[in-house]
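Trainee: Before I ask anything, let me first share the structure, which is written out below as structure tokens.
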Amino acid sequence: MTTRNTILHRSRAARRGLGLGAVAVLASAGVAAAAPATAPISGAAVTRGATMTVSNGRPLAGHRVAISGDAPLDARAGSWITLESPAFASSRRVDRMPAVRAQVNAQGTYLATATVARTAEPNTMYTVSGSYDGALFPVAAPLYVRSSQAGASIQLPQRRAVPGSTITITGNAPLDARAGKWITLVSPAFDSATRVHGVPAVRTQVSAQGTYSVRAKIKPGIVAYNAAPVTGSFEGQGFAKQATLRIDAGLNGTLHVIYHDARGTAAPGTKVILVGDGPSSAPGGIRTGDTLTFTSDAFAGGTVSVELNAQGTYQVSATIARGVKPGTYSVTGSYRGMPFRAGDTVKVSG
């Protein structure tokens, strides 16, 4: 008789009401007991005959596993066994440990399903232990939570991103990410209403080829970063590596303030002239007639606008606001919300 058949025979004998003496006779008839494939339990009351197997011993966080095996010899059909693991996502607790329960069937076996907690640490070995009527199973099964990061990559454009422009981000999805699943990319440089822990984010689905592609707009007014991190995640777990997005400090247009006053100042209510070269390039191109905008706290209304001429230059008058206090004020230029790399100042006299 094989080991498996011996265990089933002993289990059935116990459930038919045979005493321990009868079971002992079977055990002494030269039949060897099965050696546990998992770690033995010691130092506590231990059941007899129980086994345990985890269907997917290397799951991802958030995935489900099935736990099955032979019930203890004295567990009758319909009685309950308890399975515990710190890796489980379950509201049921046994001594503050997440747990699930399963009923013993007529064949003396059990089957339970459990979800691995999304907070379970990746690349970590957990255990699943069982108990019946207060006594532990003789073995505990291993449960290794894998990382979903394997194989994931983030590919950014080689050229610097211009504020206000839209870039395309591509890469390989994690090896465990099936087609149609969602990838999340996060960066403080993104202009997006979607947020992950307060940081702008974009989402995209995994293709049939196991890759992804997504477009992300760069914040129009971003000037605080020479480079910004881009991180990825799948099913709540971060990619192993992040990418660095290089950001252009602004468009290469020039800006100069010309005063009518020879002293190089402007009084409230008077005008100054703004002149310079328009940007030589911008996302989507720049053409004659496109509008440039100039902003300053010293200007009446705060902004002035002008169209780019055929020579790629501009000239526009700006009125200093009445009531503005004497001082030096910055003047900035922009095109379609994208700032000029450099600006100028206007000096307001008293």
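Residue numbering for the sequence shown follows my numbering, starting at 16 and increasing by one per position.
Note that the Cβ used here is the ideal one computed from N, Cα and C, for glycine as well.
Would you tell me roughly how many angstroms separate the C-alpha atoms of Val361 and Phe254, rounded to the nearest one?
Mentor: So the alpha carbons of these two residues sit roughly 48 Å apart.
Trainee: What first and last residue would you give for the beta strand (DSSP E) that runs through Leu289?
Mentor: Run containing Leu289: Lys286 to Asp292, per the beta strand (DSSP E) assignment.
Trainee: Quick check on Asn187: does DSSP put it in helix, strand or coil?
Mentor: If DSSP states are grouped into helix, strand and coil, Asn187 belongs with the strands.
Trainee: Using the C-alpha atoms, what's the distance from Glu99 back to Val40?
Mentor: Note that Val40 scores a pLDDT of 28, beneath 50, so its modelled location is shaky and nothing firm can be said.
Trainee: Evaluate the contact criterion for the segment 164-174 versus the segment 124-136: three or more CB pairs, one atom per stretch, below 8 Å.
Mentor: No, they do not touch.
Trainee: Can you tell me which residues form a DSSP beta bridge with Lys362?
Mentor: The partner list for Lys362 (beta bridge, DSSP) reads Thr343.
Trainee: Nearest-angstrom Cα distance between Gly265 and Val143?
Mentor: Answer to the nearest angstrom: the Cα atoms are 56 Å apart.
Trainee: Going by DSSP, which residues form a beta bridge with Glu99?
Mentor: Answer by DSSP bridge pairing, in chain order: Ala114 and Ser144.
Trainee: Using a Cβ-Cβ cutoff of less than 8 Å, which residues in the same chain neighbour Gly304 once the five nearest sequence positions on both sides are dropped?
Mentor: Closer than 8 Å at the Cβ level, and outside the excluded window around Gly304, lie Glu322 and Leu323.
Trainee: Would you identify the three-state DSSP class for Thr66, choosing helix, strand or coil?
Mentor: Thr66: coil per DSSP, three-state reduction.
Trainee: Could you tell me the alpha carbon to alpha carbon distance between Ala102 and Tyr141, rounded to whole angstroms?
Mentor: Approximately 6 Å between the Cα atoms of the pair.
Trainee: Confirm, please, whether the CB-CB distance from Gly317 to Thr310 is below 8 Å.
Mentor: Yes, Cβ-Cβ distance for Thr310 and Gly317 is below 8 Å.
Trainee: What number of angstroms, rounded off, separates the C-alpha of Leu289 from the C-alpha of His275?
Mentor: Straight-line Cα distance between these residues: approximately 12 Å.
Trainee: Please say whether Arg79 and Thr124 have beta carbons closer to each other than 8 Å?
Mentor: Against a cut-off of 8 Å, the Cβ pair of Arg79 and Thr124 comes out as no contact.
Trainee: Sorted by chain position, which residues of the same chain lie with C-beta nearer than 6 Å to Ser83's C-beta, five sequence neighbours on each side aside?
Mentor: Thr68 and Leu126.
Trainee: Give the DSSP-derived three-state secondary structure of Asp276 in the structure shown.
Mentor: In the structure shown, Asp276 sits in coil (DSSP, three-state: anything other than H, G, I, E or B).
Trainee: Does the beta-carbon of Glu250, which I'm using as the reference point, lie nearer than 7 Å to any heavy atom of the ligand COA?
Mentor: Absence of the ligand COA is noted for the structure shown, with no ligands found whatsoever.
Trainee: Give the range of the beta strand (DSSP E) segment to which Ser332 is assigned.
Mentor: First-last of the beta strand (DSSP E) with Ser332: Thr328 to Thr334.
Trainee: Opposite Ser248 in the DSSP bridges: which residues?
Mentor: According to DSSP, which records beta bridges pairwise, Ser248 is partnered with Thr199 and Gly253.
Trainee: Taking DSSP's pairing of strands, which residues face His271 in a bridge?
Mentor: BP columns for His271 point to Val290.
Trainee: Is the shortest distance between the beta-carbon of Glu250 and the beta-carbons of chain D less than 8 Å?
Mentor: Any reference to chain D falls outside this structure, which holds one protein chain only.
Trainee: To the nearest angstrom, how far is the alpha carbon of Arg302 from that of Gln326?
Mentor: So the two alpha carbons sit approximately 10 Å from each other.
Trainee: Is Arg161 helix, strand or coil when you go by DSSP?
Mentor: In the structure shown, Arg161 sits in a strand (DSSP, three-state: E or B).
Trainee: Let me make sure I understand the geometry here. Which of Arg108, Ala150 and Pro113 has the alpha-carbon closest to that of Leu88?
Mentor: Per the Cα distances, Ala150.
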